[in-house]
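Notes follow once the structure below has been shown.
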Amino acid sequence: MKVSVKPMDGSIVVCIEGSVDGLTADELLAKLDEQVDAGKVRLVADLSGLEYTSSAGLRALLGTVKRARNKGGDLRLAAVQQPVFKVLDLAGFTGILKIFDDVPSAVASFK
Amino acid sequence: MQQIRQGDRRVAVVIGSGSVKCAASLGLFRALKRHGIGVSMLVGCSAGCLYASMLALGKDTAEAAEATARLWTRDVAGHRNRMALLKLLMPRTFGFDGEFGLRSDKVIMARLRTAFGDAQIEDAQIPLYLAATDFLTGQQKIFSRGSIVDAIRASIAVPFLFSPWRIDDRLYVDGYVSDPLPVGVAIKEGARVIVAMGFESPTQERITSGARFAFQLSSILSNNLLKSQFAFHGLAHYAEILPIIPEFTERVHLFDTGKIPYLIEEGERAAEAQMPYLTRLLDADASEAQSRAAN
Numbered sequence: 014m015k016v017s018v019k020p021m022d023g024s025i026v027v028c029i030e031g032s033v034d035g036l037t038a039d040e041l042l043a044k045l046d047e048q049v050d051a052g053k054v055r056l057v058a059d060l061s062g063l064e065y066t067s068s069a070g071l072r073a074l075l076g077t078v079k080r081a082r083n084k085g086g087d088l089r090l091a092a093v094q095q096p097v098f099k100v101l102d103l104a105g106f107t108g109i110l111k112i113f114d115d116v117p118s119a120v121a122s123f124k
Numbered sequence: 421m422q423q424i425r426q427g428d429r430r431v432a433v434v435i436g437s438g439s440v441k442c443a444a445s446l447g448l449f450r451a452l453k454r455h456g457i458g459v460s461m462l463v464g465c466s467a468g469c470l471y472a473s474m475l476a477l478g479k480d481t482a483e484a485a486e487a488t489a490r491l492w493t494r495d496v497a498g499h500r501n502r503m504a505l506l507k508l509l510m511p512r513t514f515g516f517d518g519e520f521g522l523r524s525d526k527v528i529m530a531r532l533r534t535a536f537g538d539a540q541i542e543d544a545q546i547p548l549y550l551a552a553t554d555f556l557t558g559q560q561k562i563f564s565r566g567s568i569v570d571a572i573r574a575s576i577a578v579p580f581l582f583s584p585w586r587i588d589d590r591l592y593v594d595g596y597v598s599d600p601l602p603v604g605v606a607i608k609e610g611a612r613v614i615v616a617m618g619f620e621s622p623t624q625e626r627i628t629s630g631a632r633f634a635f636q637l638s639s640i641l642s643n644n645l646l647k648s649q650f651a652f653h654g655l656a657h658y659a660e661i662l663p664i665i666p667e668f669t670e671r672v673h674l675f676d677t678g679k680i681p682y683l684i685e686e687g688e689r690a691a692e693a694q695m696p697y698l699t700r701l702l703d704a705d706a707s708e709a710q711s712r713a714a715n
């Protein structure tokens with residue numbers, strides 16, 4: 014898994030590539046926590062390069078959503094690929110998270 | 421780096437309800453075998469019980485495919501249960517009761533007996549858990565002992581189609597009614613890594629009969645239940661759950677046994693995509709266990 018972070022129009026875009034799972038979820042959560050701890054709570058997860066997420070990945074995403082929303086922000090998902098979308102849908106995430114076709118749309122949604 | 425033996429790699433496998441689509445689990449097994457990953461327990465629900473049972477009893481994937489193609493054909497539901505119709509129309513006269521099913525189960529029972537004989541769950545080579553639903557309480561019922569035929573028959577008691585099945589004076593209906601993908605069973609039995617293959621029920625393209633109306637409602641309910649139960653188990657527990665969801669571009673009907681090779685292929689394709697990660701995870705897990713044992 015690779016995680017990179019970049020600011021974009023007042024939001025933080027977290028680009029997650031590869032597989033989020035039991036071996037990598039802690040690393041992802043640490044990166045997301047860093048942002049939330051620094052008060053950067055308008056978060057967009059760019060999932061265009063994410064190939065798979067297991068339950069550990071889902072827990073990391075949900076934990077960040079809760080923390081970001083508690084601080085008045087949100088974690089919004091962008092460019093979710095079909096295999097990952099199916100897992101998110103199966104786990105009920107599509108009903109509680111805002112999902113956008115691409116990163117610019119997700120960033121714009123915070124305005 | 422300690423050497424990880426292939427036998428150290430083991431996962432729990434859960435095969436959810438899904439009628440003939442459950443054949444995709446044979447593709448999952450092929451992928452696991454090719455990567456030297458063993459199975460520590462098997463959990464089945466509804467038609468998933470057929471495959472879980474065959475594999476737990478030691479049949480290889482080719483034998484299991486062949487056996488289910490013979491077993492799960494359209495004619496298992498092809499004979500009307502005339503008494504059930506009379507009970508439905510004149511409940512007081514004919515005595516309507518909980519053992520209601522519109523189709524006769526004679527064919528499916530004969531085929532289950534041919535396929536499994538007197539095999540007992542506790543005799544399986546891999547620990548086996550078959551999920552059904554207690555018809556009176558709605559609670560999930562897990563069979564981990566007793567007749568495989570009885571447990572499967574209980575777990576495939578599709579509401580309205582086949583009558584609930586009586587075991588030890590209690591009635592059971594299809595396992596999907598309480599949880600279409602029972603990963604909770606594997607969690608309860610102590611599994612750390614769970615590979616779960618689940619399927620959404622197909623919805624009807626057109627509602628043209630009472631039966632289709634009932635199946636549509638049933639599909640909606642079971643699909644929503646699948647998601648809510650999976651969400652709970654995936655988020656509330658420490659266990660690592662890897663959902664494997666095959667992509668079926670062809671529409672697959674309840675008894676499309678002619679599509680079993682296609683289903684296996686798609687199951688294998690979906691499973692294969694997760695094998696590199698699964699292997700790394702199991703190696704890390706086994707390495708940690710070896711370190712603990714050495715200290």
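Protein chains in written order, with the working numbering: chain X, 14 to 124; chain G, 421 to 715.
Cβ coordinates follow ideal geometry from the N, Cα and C atoms, glycine included.
Between the CA atoms of residue j and residue i - distance to the nearest angstrom
i, j, result
"Ala489/G", "Ile435/G", "17 Å"
"Val440/G", "Val18/X", "45 Å"
"Glu660/G", "Asp676/G", "33 Å"
"Gly515/G", "Pro600/G", "31 Å"
"Ala574/G", "Ser68/X", "30 Å"
"Arg494/G", "Phe580/G", "16 Å"
"Ser564/G", "Ser473/G", "11 Å"
"Ile25/X", "Asn83/X", "17 Å"
"Phe123/X", "Ala104/X", "25 Å"
"Leu491/G", "Ala552/G", "20 Å"
"Ser621/G", "Asn643/G", "6 Å"
"Ala539/G", "Leu698/G", "32 Å"
"Thr513/G", "Met503/G", "11 Å"
"Ile572/G", "Leu110/X", "38 Å"
"Ala634/G", "Asn715/G", "59 Å"
Same chain, Cβ closer than 8 Å to residue i, neighbours up to 5 away in sequence not counted
i, result
"Asp705/G", "Arg612 and Val613"
"Leu591/G", "Gly518, Glu519, Asp554, Phe555, Leu556, Pro584 and Trp585"
"Leu505/G", "Leu522"
Within-8 Å CB hit, residue i to chain G
i, result
"Ala104/X", "yes"
"Leu36/X", "yes"
"Ala58/X", "no"
"Val75/X", "Checking the sequence, you will find Leu at residue 75/X rather than Val. It does: the Cβ of Leu75/X has a partner Cβ on chain G nearer than 8 Å."
"Arg82/X", "no"
Selection from the options that minimises the alpha carbon distance to residue i
i, options, result
"Asp554/G", "Thr534/G, Arg586/G and Phe536/G", "Arg586/G"
"Leu701/G", "His455/G, Val603/G and Ser473/G", "His455/G"
"Ala432/G", "Pro663/G, Pro681/G, Leu674/G and Arg671/G", "Pro663/G"
"Gly76/X", "Ser61/X, Ala43/X and Met14/X", "Ala43/X"
"Gln94/X", "Arg72/X, Val120/X, Ser122/X and Ala58/X", "Ala58/X"
"Pro602/G", "Gln560/G, Ile627/G, Leu505/G and Lys526/G", "Gln560/G"
"Ala467/G", "Glu667/G, Leu550/G and Ala713/G", "Leu550/G"
"Leu90/X", "Ile112/X, Ala51/X and Met21/X", "Ile112/X"
"Ala530/G", "Val496/G, Leu506/G, Arg512/G and Gly558/G", "Val496/G"
"Thr669/G", "Ala656/G, Glu686/G and Ile680/G", "Glu686/G"
"Leu524/G", "Val578/G, Gln545/G and Glu483/G", "Per the sequence presented here, residue 524/G reads as Ser, with Leu not at that position. Ser524/G has its Cα closest to that of Val578/G, out of Val578/G, Gln545/G and Glu483/G."
"Gln128/X", "Asp114/X, Asp115/X, Gly23/X and Thr107/X", "The shown model of chain X, from 14 to 124, leaves out residue 128/X, and the question about it has no answer."
"Leu56/X", "Ile29/X, Leu88/X, Pro20/X and Leu63/X", "Leu88/X"
"Pro117/X", "Met14/X, Lys15/X, Val100/X and Cys28/X", "Cys28/X"
"Asp114/X", "Lys99/X, Pro96/X, Ala92/X and Phe98/X", "Ala92/X"
"Lys679/G", "His653/G, Ser598/G and Glu486/G", "Glu486/G"
Within chain G, the residues that residue i reaches when beta carbons sit closer than 7 Å
i, result
"Arg72/X", "Leu655"
"Ser67/X", "Glu660, Ile661 and Leu662"
Contact with chain C by residue i, beta-carbon distance below 8 Å
i, result
"Val100/X", "Among the protein chains in the structure shown, which are X and G, there is no chain C."
Below-8 Å beta-carbon distance, residue i vs any chain X residue
i, result
"Tyr697/G", "yes"
"Pro663/G", "yes"
"Ala482/G", "no"
"Ala432/G", "no"
"Gln636/G", "no"
"Ala719/G", "Since the first residue of chain G shown is 421 and the last is 715, residue 719/G is not available in this structure."
"Ala476/G", "no"
"Phe650/G", "yes"
"Gln710/G", "no"
"Gln758/G", "With chain G covering only 421 through 715, there is no way to say anything about residue 758/G."
Contacting residues, own chain, Cβ-Cβ under 7 Å from residue i (five flanking each side not counted)
i, result
"Ala451/G", "Glu688, Ala691, Glu692 and Met695"
"Ala656/G", "none"
"Gly566/G", "Gln540 and Ile541"
Proximal residues of chain X, C-beta to C-beta of residue i below 8 Å
i, result
"Lys647/G", "Asp102, Leu103, Ala104 and Gly105"
"Leu701/G", "Asp34, Gly35 and Leu36"
Residue i: CB within 7 Å of a non-hydrogen atom of the ligand FAD
i, result
"Ala606/G", "The ligand FAD is not part of this structure, which contains no ligands at all."
Close Cβ partners of residue i (< 6 Å) along its chain, the five nearest in sequence each way excluded
i, result
"Ala73/X", "Ala38, Leu41 and Leu42"
"Tyr65/X", "Ser32"
"Gln422/G", "The predicted position of Gln422/G is uncertain, since its pLDDT is 47 and thus under 50; a value taken from the coordinates is nonetheless stated next. Closer than 6 Å at the Cβ level, and outside the excluded window around Gln422/G, lie Ser707 and Gln710."
"Leu45/X", "Thr77"
"Met617/G", "Ile435, Ser445, Leu448 and Ile664"
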